[in-house]
């Protein structure tokens, strides 16, 4: 009789969907359930994450999953830029603030000015913390300052700051923890050079809230709380500290390719490009750009750049209507021959400061640009031709991606793994391969990279081995995207970059 198969549970809390997954020891997905929990309106115009609703759902789903697949350990991953403040009794001192809480232009400017006046110039802070300036409350240090302004009495009751994965691990175990993949990720609170709380944490008076020392995401935080064991009918089992979702998606590739030079281009709402580097150094021209350094689950540095590609795609697809036609070499190349027709970057955070989205085209013999606001009432004629408009949208995102990849210090012959939603966009991946002729653009069969990477942490608790030894559990099939011959792409890309960099026109 064969021994029972080992399997583990993964709590995967994305911004849109919350998932519960079960993986076996070969990292095959056995089961998955998901639900959506919109943010809730809160005080002072803030939005709150629905932690009560999310927790109630997981309390139903975890015991149900165990009855279907008796798992042996649990690990948690979540989206970024979110934290929970606990009081001395371990209860929430303030509702969990959603990083996309709306701030209008004046409110954002006031917050930014107050932050840099108190904490120091952006360029100095970026060198120290490996963090770039981001809008809304995506920089957690800015979010804390905003709470100090809006609800100082609530913040004064806080005794501990838990990053979002560790908050959910705390709900499962009652134990407090912290780890580096989340702490170091564009928070402004961590000194990337010295690996300790930053000058920003001290300037804001929140250094004492940060959990130290930092563990590893796969460390054993504690066991499932006895009350939950009894209530759910589950045995004692270990729970990992937890991990940031981008780093979870990266982990399978790190284990499988410890010596290979690659960039993970993780696509979705945020398109995040991560490349392993030996040290956290910015070139002068990179300061104030959307470039950060983060630390992976193995303690290695990654130079990381990003743009909100998924948000851009959704915005313009809503204007275009119809369906993306997919890649056709002749059609796409013909559209690229029409220089000056372009969807411009910057409607959302991008690698092009000073740009704010919109489009360019022709009126008679003259080139003309339309702002984002002007597109709703008109814009270029090609915007009402879906095949042409989708080709320009995908070309815009592919060219922006090459800029983002270059800013990770990617080598010309690197492998670029494309993960996430854009792996299914045939025009985007074909254009990316054509724009990077010396590199290998690769798609894989790893359909749930974030959850699979998190499952590795839980498996590590069960087998009690070095995390790197789990590489043998990974089978990742690779599909190399052939670079199509597009005669007009080089000229189109050069023209696009001139349009997107006003100072260089």
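Residue numbers (the working numbering): 805 to 1309. We put the CB at the ideal spot given by N, CA and C, even for glycine.
For residue i, tell me which candidate among the options has the shortest Cα-Cα distance.
| i | options | result |
| --- | --- | --- |
| residue 1043 | 1075, 1021 and 1055 | 1021 |
| residue 1193 | 897, 1148 and 990 | 1148 |
| residue 1230 | 1282, 1202, 1304 and 1250 | 1202 |
| residue 1019 | 910, 1151, 981 and 1173 | 981 |
| residue 1104 | 1174, 1161, 988 and 1115 | 988 |
| residue 1034 | 1075, 1064, 1276 and 976 | 976 |
| residue 922 | 1106, 1241, 1007 and 1169 | 1007 |
| residue 1025 | 972, 993, 994 and 1076 | 972 |
| residue 1143 | 1186, 1059 and 1159 | 1186 |
| residue 1271 | 940, 1261, 1195 and 847 | 1261 |
| residue 1116 | 1055, 1153 and 892 | 1153 |
| residue 846 | 1016, 862, 1091 and 954 | 954 |
| residue 887 | 1125, 951, 997 and 863 | 951 |
| residue 803 | 842, 815 and 1013 | Within the shown structure, residues of the chain are numbered from 805 to 1309, placing residue 803 beyond reach of any answer. |
| residue 985 | 956, 926, 878 and 934 | 934 |
| residue 1171 | 1299, 1131, 1128 and 1129 | 1299 |
| residue 1114 | 1158, 1232 and 1178 | 1232 |
| residue 866 | 851, 838 and 891 | 838 |
| residue 1038 | 874, 909 and 1096 | 874 |
| residue 841 | 856, 830, 832 and 848 | 856 |
| residue 1128 | 1073, 1204, 1189 and 1182 | 1189 |
| residue 1140 | 1161, 1198 and 1126 | 1198 |
Any idea what DSSP makes of residue i, helix, strand or coil?
| i | result |
| --- | --- |
| residue 908 | coil |
| residue 1139 | helix |
| residue 1044 | strand |
| residue 1078 | strand |
| residue 1094 | coil |
| residue 919 | helix |
| residue 1302 | helix |
| residue 1222 | strand |
| residue 1293 | helix |
| residue 817 | strand |
| residue 1124 | helix |
| residue 1248 | strand |
| residue 977 | helix |
| residue 810 | coil |
May I have the straight-line CA-CA distance separating residue i from residue j, to the nearest angstrom?
| i | j | result |
| --- | --- | --- |
| residue 1207 | residue 1155 | 7 Å |
| residue 1239 | residue 1289 | 10 Å |
| residue 917 | residue 924 | 10 Å |
| residue 999 | residue 1089 | 24 Å |
| residue 947 | residue 937 | 12 Å |
| residue 1308 | residue 1108 | With a pLDDT of 46 at residue 1308, under the threshold of 50, the modelled position of this residue cannot be trusted; read the value that follows with caution. Each residue's alpha carbon lies about 25 Å from the other. |
| residue 1180 | residue 1123 | 7 Å |
| residue 853 | residue 902 | 6 Å |
| residue 1266 | residue 1057 | 21 Å |
| residue 869 | residue 1036 | 11 Å |
| residue 1285 | residue 1249 | 13 Å |
| residue 1213 | residue 1050 | 18 Å |
| residue 805 | residue 859 | The pLDDT assigned to residue 805 is 39, lower than 50, so where the model puts this residue is not dependable; a value taken from the coordinates is nonetheless given after this. C-alpha separation (whole angstroms): 38 Å. |
| residue 1219 | residue 1031 | 48 Å |
| residue 826 | residue 1100 | 23 Å |
| residue 1093 | residue 1075 | 15 Å |
| residue 775 | residue 1245 | Any answer about residue 775 is impossible in this case: the structure gives the chain only from 805 up to 1309. |
| residue 915 | residue 844 | 22 Å |
| residue 812 | residue 835 | 11 Å |
| residue 1062 | residue 1255 | 20 Å |
| residue 1065 | residue 1086 | 20 Å |
| residue 964 | residue 1091 | 32 Å |
| residue 926 | residue 920 | 7 Å |
| residue 1196 | residue 1305 | 17 Å |
| residue 1138 | residue 1303 | 20 Å |
At what residues does the alpha helix (DSSP H) containing residue i begin and finish?
| i | result |
| --- | --- |
| residue 834 | Looking at the DSSP string, residue 834 is not in any alpha helix (DSSP H); the run it does join, the beta strand (DSSP E), is 833-840. |
| residue 987 | 984-987 |
| residue 1282 | Element bounds for residue 1282: not the alpha helix (DSSP H) but the beta strand (DSSP E), 1282-1284. |
| residue 861 | 855-872 |
| residue 1065 | Counting along the chain, residue 1065 falls outside any alpha helix (DSSP H), and DSSP gives it neither H nor E. |
| residue 1254 | 1253-1267 |
| residue 1203 | 1190-1210 |
What first and last residue would you give for the beta strand (DSSP E) that runs through residue i?
| i | result |
| --- | --- |
| residue 825 | 821-828 |
| residue 1312 | Limits of the chain in this structure are 805 at one end and 1309 at the other, which puts residue 1312 out of reach. |
| residue 887 | 887-890 |
| residue 1060 | Residue 1060 -> not in any beta strand (DSSP E); alpha helix (DSSP H) instead, spanning 1049-1060. |
| residue 965 | 964-967 |
| residue 881 | 878-882 |
| residue 902 | Run containing residue 902: none; DSSP gives neither H nor E here. |
| residue 1174 | 1170-1174 |
| residue 1236 | Run containing residue 1236: none in the beta strand (DSSP E); it sits in the alpha helix (DSSP H), 1230-1239. |
Contact the segment 1222-1242 vs the segment 1067-1076: 3+ CB pairs below 8 Å: yes
When the Cβ atoms of the segment 1120-1137 are set against those of the segment 1080-1096, are three or more pairs found closer than 8 Å? no
Cβ pair count under 8 Å reaching 3, the segment 1033-1047 against the segment 871-883: yes
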